[in-house]
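Read through the structure below, which is laid out as structure tokens, and then see the notes.
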């Protein structure tokens, strides 16, 4: 058999090998990130099984899993998760809406920025948790005050991001819009919005992160349901597994919502010329 | 016809950029504006484009004053200034948003084919080379079929080969609809290759110092004796515009010294 023939014969096999390698790569990349947490969990499980620790205060993964399963079976987990998700969603929505509007206006108009930005920056310097007593006095102890706190937490990073984004739009690109005689609204839609979008997505992500942080604070101030309630309940009744289960739930849902946000916005940002953005493509 | 009538510009910070600039450019004529840096040539172009308004005098297009960007005036900047979030084709069609989709697509395709980038239509601007990006910018400015096309040092950021290539390409495009071209440049060769008339400016404040008719047949041979003669002429004017005591039309050495220093 000549060399040439051998190559021809090998080709389909090689292609398939390449395919398999590609598939492996697609799965191995996320798996790389799971390596550390899995190793830690496994290590702790072993430590408890081998009697190196009684695992009472830091329950091993198997116990946490059982707690999860129990909570899910009774429908508790779903109820609490939904309650928390709803609060974050409403608070995030309100915070983002107000922050986007104000950030866009202050970024666009120097006069408005001089008028209201100092006040907003001063308010930003106040730890948002400090508002809790006031919010409760003003808005009661039920949903409104909780949502208000989350919205306040989401507001500031988004406001800053939008304002900074609008302010840093390249003058040269705006001039292209002027050359083509765009009207005000056209300029916003065709130049400013797309130019601000990358900064906006980052602002939304940090806003969402703070939303998850503040929902816990909000639920600490007296809630009868929600993942934050599970935390307080677990502390008061001495159920560390329930606390860890709630924490894990926060981690999973927080990461999932961030992932959704990134996924939804990614198609609009494909044009970005970023460091490292194409590193993963081959 | 494009006419500048006693155009002057003083910036709010007190810089006197332009003073009493008068000239007119006929339809289809190509005028190059050369001058040392800071002589106000970019200011002049921005005044013509309507991006800036002169503090004195007027820019007239067909006897109507230009006070804001005008649909009959297109501009190509030193940088391509493509919108990074639009594909190459959408960038070229940026000024045709109000046209029906089919017409827009057809004109964009024609323009891209004309600049030799039909195969790049669906790429992002970041995937283009500098010369390709500038060609897209020229296509974007030409697609709305302007009567006047302004170019502000359009090829100065490109390497020498690409620059010569694009100069020829621009002339080729110009023959399609023969718009009026006003090219600001600091490259004397570029000015002579392109222009019917070369305006030499002098700084502080920016004024027209000399007006030189190229009067060469196209296509122009960059190596010809006539080309060299005009070039010496322009370089001498440039030297004089900067109040340098250069000897006129004499030895090569003098001229090349001037050429090395003028900008």
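Chains as they are written, first to last, in this note's numbering: chain D, 1 to 282; chain H, 1 to 263. Ideal Cβ positions, reconstructed from N, Cα and C, are used throughout, including at glycine. As the structure is a computational prediction, the values presented were derived from the model and not from experiment.
- Residues of the segment 47-69 of chain H with a C-beta less than 8 Å from any C-beta of chain D: 49, 51, 68, 69, listed in chain order.
- Cβ-Cβ distances below 8 Å link residue 188(H) to 34, 231, 234, 235, 238, 259 in the same chain, with the five nearest sequence neighbours on each side left out; the list follows chain order.
- Partner residues in the beta bridge of residue 211(H), as assigned by DSSP, are 199(H).
- Beta-carbon to beta-carbon, residue 204(D) and residue 96(D) are separated by about 7 Å, close enough to satisfy the 8 Å threshold.
- The Cβ atoms of residue 79(H) and residue 157(H) sit closer than 8 Å to each other.
- With a 10 Å radius around the Cβ and a threshold of 16 neighbouring Cβ atoms, residue 110(D) comes out exposed.
- Per DSSP, the continuous alpha helix (DSSP H) segment holding residue 121(D) begins and ends at 110-125.
- The contact set of residue 181(D) on chain H, defined by CB atoms closer than 7 Å, consists of 69, 71 in chain order.
- Counting C-beta pairs with one atom in each stretch, the segment 155-174 of chain H and the segment 196-210 of chain D have fewer than three that are closer than 8 Å, which means they do not touch.
- In terms of beta-carbon proximity, residue 138(D) stays away from the interface with chain H, with every pair separated by 8 Å or more.
- Residue-level contact by beta carbon fails for residue 30(D) and chain H, as no gap is shorter than 8 Å.
- As summarised for the segment 47-90 of chain D, there are no continuous beta strand (DSSP E) elements at least 3 residues long confined to that stretch.
- For the segment 77-91 of chain D, the set of residues with a beta-carbon nearer than 8 Å to any beta-carbon of chain H is empty.
- Shown in chain order are the members of the segment 83-102 of chain H whose Cβ falls below 7 Å from a Cβ of chain D: 83, 84, 85, 94, 95.
- Beta-bridge annotation (DSSP): residue 152(H) is paired with 184(H).
- DSSP places residue 19(H) within a strand segment (E or B) once states are collapsed to three.
- Between residue 201(H) and residue 39(H), the beta carbon gap of about 4 Å places them in contact (Cβ cut-off 8 Å).
- Between residue 242(D) and residue 261(D), the beta carbon gap of about 28 Å keeps them out of contact (Cβ cut-off 8 Å).
- Taking 8 Å as the cut-off, the Cβ atoms of residue 162(D) and residue 200(D) count as close.
- Residue 31(D) and residue 216(D) have their C-alpha atoms some 29 Å from each other.
- By the neighbour-count definition (other C-beta atoms within 10 Å, threshold 16), residue 212(D) is a buried residue.
- Taking C-beta atoms under 8 Å as the contact rule, residue 135(D) and residue 148(D) qualify, at a distance of about 5 Å.
- Taking the Cβ atoms as the reference, residue 150(D) lies roughly 35 Å from residue 173(D), outside the contact range of under 8 Å.
- Using a Cβ-Cβ cut-off of 8 Å, residue 196(D) does not count as an interface residue toward chain H, since no Cβ of chain H sits closer than that to its own.
- The beta-bridge partner set that DSSP reports for residue 33(H) consists of 184(H), 199(H).
- Separation of the CB atoms of residue 152(H) and residue 24(H) is rounded to 20 Å, and the pair is thereby denied contact status at 8 Å.
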